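Please read the structure below before turning to the comments.
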């Protein structure tokens, strides 16, 4: 089974190629089948490999499939090979399974849209690029997948390009992540120059061999790569692109948030965690940045009126939790939260999509209301997703993973308790804003009539993801609930086991369980019938306006970066360098016109030129 | 007898093909038959190359140099000739109000000349091959003779290549005068006296003309633009392979050294070619002219690897010329499948490609790969080829030249990417665009898809091409 690993990225890639080249000739139904089946095959193979792994893990828990050698240069060899370790296995399963469900959902969601086959071609390419990213054994190949993901998100966010605002959002996401990618590329080149290889495992081995703990080179390299990761994962200070990326179709948002894009940064750090262990300063920066991100994004989510923007800010904040875990070295806790988050965030987005489909694409939560009875499936799915996001104890998957992160953070030396407090406060706000949406959308009086009906392609993904959101947390439970250690056992060979907890942990755990309930209670008091919210929304105060714009980072960057850049561009428009280029083009045109002037003169001129060249060559060789 | 002729088999097959085509034409004019003989001959000659490689003895040591290297280049010439033959077959449709049968004859004849040149062991064969090739190519350029620009291009090529032949011949004469021989070795062994140096300069000028490097490049855009697309592809690729084969043969001969002054002369030529080629291409609206200028720049890149010499440099040169052949034939192929010899002009304006992504996505994708390859961007093969050249340049410490390569490649990006942009624009009007109405036969699609697959396939798995080249070129 393991030798079929190459098919996992290749199958969606083939789907994308077929749909891209002859999609316009295919009927919509065929496009939907090819698009969904290609990812479905990848998921099937991934599951088989996973089962095989569970039955008998390969030696030293690593599976390498060497495909071919891309480059051989003196001093650098780049292999195209796939590298599967437990972390990549977990990512691969999540991406392919959730990806398949999202494709299935899309077949109904995008029905009747122009560019149906184009949509599935992009979606397939998106999944293929992400799979290449996680399976690459070489940092350069990983970067190819990384950029592929970026291009696909650009194409999909701007899928409805007829509306200029969508094009703007797509460009914004592309440019912001591109700025971060430049730092990442610099980091990769630094590693290539200093360590002489980009093949991740030998590279990490050489790094530990050559570089001292806390040295300047590992700090610089890890820092540069981190900037790339923060950009792709929409973390502070690069978080501004993600809320705007909501311009794409809703299943695309589900894919970006749950499976294929924003988790890439988390994966990069986990994959290179050996390098990050050499750079404690960078780890400290990760955890502080994560603390800031969690609070900023959670507060912003509290006042959004667009359901997708609430979810977007919630993703930023939840990825913040993952980075918080990475910052304190709790790699497996971060990966576990990635797993639960992928399931419940996909569920939330698809539920939001299912609601929007029936409400004529209404996304304003204040124009919804009372949907509990008219859309029962969407209600229950969204409720389960929101419970998981809010980390309602025991019944939701999110609580298990968040609890694990907070427990690990508490025991981090130095600023651990401070970060823990930030995480706990974030959890309180998270519970409040997620149930604010639940109460506003599903309770109270109805505002928008419900039309149409939803078929099986909508229902199946929702039901499966809802079941996952309830149950997947039981893979890894705290000791008083049985102490299952399935995820830890899987990840142990690569990431090691977390530090044992001391007695005080009980109090910490209890706080983590009570806070979400407290948050829901606050939401209930404030938004049960939506009154307080509506009054405030009519005349938003200064604080609310600030929060709604996500702390005004867009305006800040506009003033600090975009405007000075544009001013610089304007100032340089007539600069001397430009004149040289203009001169060259003018000279080129002049030459062009001279040469065209007359037919006979031209040959004579050419012949003279040929003679002159020959004479110059003789002169150079004989007399020099 | 069989074993004696084994090494010369491809050459003999090619010569026999020319004879057979002449005989067939004398009996009855038929385009299909001529094409059939030409294709069969080229394929047979290509197939016999591996057999010839296994030969132990050279039947004509004084005339032909039938070493594996030379035969490798000859094989490349045959394959390139075959690709242009397919393009020409599609291009010369029935609506051309002229007999079509002589074109394949001229093509095979030119290929025979190029073959002889690439495998030449002395000046006699070199010059005969050069002239056979050149004169046949003039016919190919002028073939659609009711197009004034084709006739004009052929006339220019006739005059200028005649001149360059005279220069080469004068150089050969001086060499014979100084050494008393018409083979290569004595020239290389002779000391640096003025006559020898002048001879080298003159022969080098002739090589520069065929390679179209600055300052012998001036004819290129006019002839490429005026020639019909398949002929332009031929002129752009095959003579260059032949000349590179001769140069590599000379460099590999015992006792051949590149004097510092010669190296700096070549360096200046390379630098000028890279800059001038890319700068001149910037403002062009005609795709064939763009390709002409870009080929000047590409040969400039290639000269870097030639200067770097050594193992990496040699591998770099061979890899680059293969890449160049595939890519440039592909680029002219795109123009070719969208044009017909019977029409007044080829679809060679950049604007003719406007909206190609909308009505012919596959062809536009192939063209994009070709342009990425020319610009040296992954995942196309051109990236790898340029990378090898840069590695060769860096390892030989040719810093200024390598820096010029990087700088001029950046200039090149502008005009290559602009063409991709034009293809992605909304088509102006479906009825008006010739690129959208011409029917492309299945052979055309297969050829173009094959070239596209080579560009992409060797781009992501270049090791397979490297292994193949290593098996042939020792």
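Chains as they are written, first to last, in my numbering: chain A, 1330 to 1953; chain B, 188 to 661. Yeah, the Cβ is synthetic: ideal placement off N, Cα and C, and Gly gets one too. Please read all numbers here as calculations on a predicted model, not as lab measurements.
State the start and end residues of the unbroken alpha helix (DSSP H) segment that holds residue i.
i: residue 507 of chain B; result: 497–524
i: residue 1717 of chain A; result: 1705–1719
i: residue 1779 of chain A; result: Careful: residue 1779 of chain A lies outside any alpha helix (DSSP H) and carries neither H nor E.
i: residue 1561 of chain A; result: 1545–1561
i: residue 1602 of chain A; result: 1602–1606
i: residue 1670 of chain A; result: 1660–1687
i: residue 338 of chain B; result: 335–366
i: residue 1486 of chain A; result: 1468–1486
i: residue 1883 of chain A; result: 1882–1886
i: residue 1502 of chain A; result: 1493–1524
i: residue 1790 of chain A; result: 1785–1800
i: residue 227 of chain B; result: 218–240
Applying the 10 Å Cβ sphere with the 16-neighbour rule, what's the burial state of residue i?
i: residue 1739 of chain A; result: buried
i: residue 1384 of chain A; result: exposed
i: residue 167 of chain B; result: One cannot answer for residue 167 of chain B here, as it falls past the ends of chain B, which runs 188 to 661.
i: residue 442 of chain B; result: exposed
i: residue 412 of chain B; result: buried
i: residue 233 of chain B; result: buried
i: residue 672 of chain B; result: Nothing about residue 672 of chain B can be reported from this structure: the residues present for chain B run from 188 to 661 only.
i: residue 380 of chain B; result: exposed
i: residue 1397 of chain A; result: exposed
i: residue 1522 of chain A; result: exposed
i: residue 1887 of chain A; result: exposed
i: residue 1697 of chain A; result: buried
i: residue 613 of chain B; result: exposed
i: residue 1475 of chain A; result: buried
i: residue 1926 of chain A; result: Confidence in residue 1926 of chain A is poor, its pLDDT being 47 and thus under 50, which makes the residue's placement too unreliable to answer from.
i: residue 1666 of chain A; result: buried
i: residue 1790 of chain A; result: buried
i: residue 1717 of chain A; result: buried
i: residue 1930 of chain A; result: Its pLDDT being 45, under 50, residue 1930 of chain A is placed unreliably by the model, and nothing is read from it.
i: residue 385 of chain B; result: buried
Checking the sheet assignment: what are the DSSP bridge partners for residue i?
i: residue 1814 of chain A; result: A:1805
i: residue 1413 of chain A; result: A:1392
i: residue 1453 of chain A; result: Its beta-bridge partners do not exist; DSSP assigns none.
i: residue 251 of chain B; result: B:307
i: residue 1465 of chain A; result: A:1411
message: Contact between the region 537–557 of chain B and the region 1357–1373 of chain A is defined here as three or more beta-carbon pairs at a separation below 8 Å; is this criterion met?
response: In short, these stretches do not touch, since the Cβ pair count stays below three.
task: Assess, as a yes-or-no matter, whether the region 1747–1762 of chain A is touched by the region 1627–1639 of chain A under the definition of 3 or more beta carbon pairs within less than 8 Å.
output: Contact between the region 1627–1639 of chain A and the region 1747–1762 of chain A is present, with at least three C-beta pairs closer than 8 Å.
task: Taking a Cβ distance cut-off of 8 Å, strictly less, list which residues of the region 335–353 of chain B are near chain A, in chain order.
output: Answer set for the region 335–353 of chain B: 339, 342, 343, 346, 347, 350 and 351.
message: Below 8 Å, how does it come out for the region 453–462 of chain B and the region 328–344 of chain B: are there three or more Cβ pairs, yes or no?
response: No, because fewer than three Cβ pairs between the region 453–462 of chain B and the region 328–344 of chain B fall closer than 8 Å, the two stretches do not touch.
query: Using Cβ-Cβ distances below 7 Å, what residues of the region 377–393 of chain B are close to chain A?
result: Of all residues in the region 377–393 of chain B, 381, 384, 385, 387, 388, 389, 391 and 392 have a Cβ within less than 7 Å of some Cβ in chain A.
field: Cβ contact check for the region 1654–1667 of chain A and the region 1692–1702 of chain A: 3 or more pairs under 8 Å
entry: At 8 Å Cβ cutoff, the stretches do not touch.
field: Short-range partners of chain A found in the region 632–656 of chain B, where Cβ spacing is below 8 Å
entry: Residues passing the 8 Å Cβ filter: 647, 648, 649, 650, 651 and 653.
- request: Compile a chain-ordered list of the residues in the region 543–565 of chain B whose CB is closer than 9 Å to at least one CB of chain A.
  value: From the region 543–565 of chain B, only 548, 549, 552 and 565 have a Cβ closer than 9 Å to chain A.
message: So, does the region 242–249 of chain B touch the region 383–395 of chain B, judging by three or more C-beta pairs under 8 Å?
response: Using a Cβ-Cβ distance cut-off of 8 Å, the region 242–249 of chain B and the region 383–395 of chain B are not in contact, since fewer than three pairs of beta carbons, one from each stretch, lie closer than that value.
task: Could you run through the region 1387–1407 of chain A and flag, in chain order, every residue whose CB is less than 8 Å away from some CB of chain B?
output: Among the residues of the region 1387–1407 of chain A, those with a Cβ less than 8 Å away from any Cβ of chain B are 1397, 1398, 1399, 1400, 1401, 1402 and 1403, in the order of the chain.
- prompt: For the region 402–435 of chain B, which residues have a CB atom closer than 7 Å to at least one CB atom of chain A, in sequence order?
  reply: So the close ones are 402, 403, 405 and 406.
- prompt: Is there contact between the region 1660–1673 of chain A and the region 1721–1738 of chain A, where contact requires at least three CB pairs shorter than 8 Å?
  reply: At 8 Å Cβ cutoff, the stretches touch.
message: Would you call the region 553–569 of chain B in contact with the region 596–611 of chain B, where contact means no fewer than 3 C-beta pairs closer than 8 Å?
response: A contact exists between the region 553–569 of chain B and the region 596–611 of chain B.
Contact the region 216–233 of chain B vs the region 1929–1940 of chain A: 3+ CB pairs below 8 Å: No: fewer than three Cβ pairs fall under 8 Å.
message: Can you confirm whether the region 300–316 of chain B touches the region 420–439 of chain B when touching is taken to mean that 3 or more C-beta pairs between the two stretches lie within less than 8 Å?
response: Verdict: yes, contact present.
field: Contact set between the region 230–246 of chain B and chain A, restricted to residues whose Cβ is under 7 Å from the partner
entry: Per Cβ criterion, the list is empty.
task: Taking 8 Å as the threshold, find out whether the region 1393–1410 of chain A comes into contact with the region 1450–1458 of chain A through three or more Cβ pairs.
output: With the rule of 3 Cβ pairs closer than 8 Å, the region 1393–1410 of chain A does not count as touching the region 1450–1458 of chain A.
message: To be precise: take each residue of the region 1336–1368 of chain A, compare its Cβ to all Cβ atoms of chain B, and keep it if any distance is under 9 Å. Which residues remain?
response: Considering only beta carbons, the part of the region 1336–1368 of chain A lying closer than 9 Å to chain B consists of 1349, 1350, 1351, 1352 and 1353, in chain order.
- request: Mind checking the region 1744–1756 of chain A against chain B and listing, in chain order, the residues whose C-beta falls within less than 9 Å of any C-beta there?
  value: Flagged: no residues at all.
message: Give me the subset of the region 448–468 of chain B whose CB atoms are less than 7 Å from a CB atom of chain A, sorted by chain position.
response: Result list: 448, 449, 452, 466 and 467.
- prompt: Can at least three beta-carbon pairs, one atom from the region 1438–1450 of chain A and one from the region 1347–1356 of chain A, be found at a separation below 8 Å?
  reply: The region 1438–1450 of chain A vs the region 1347–1356 of chain A: in contact.
task: Select from the region 1654–1671 of chain A all residues with a C-beta closer than 8 Å to any C-beta belonging to chain B, and list them in chain order.
output: So nothing in the stretch comes that close.
- prompt: Can you find at least 3 beta carbon pairs, one from the region 338–353 of chain B and one from the region 322–329 of chain B, that sit closer than 8 Å?
  reply: Two segments are said to touch when three or more pairs of C-beta atoms, one from each, lie closer than 8 Å; by this definition the region 338–353 of chain B touches the region 322–329 of chain B.
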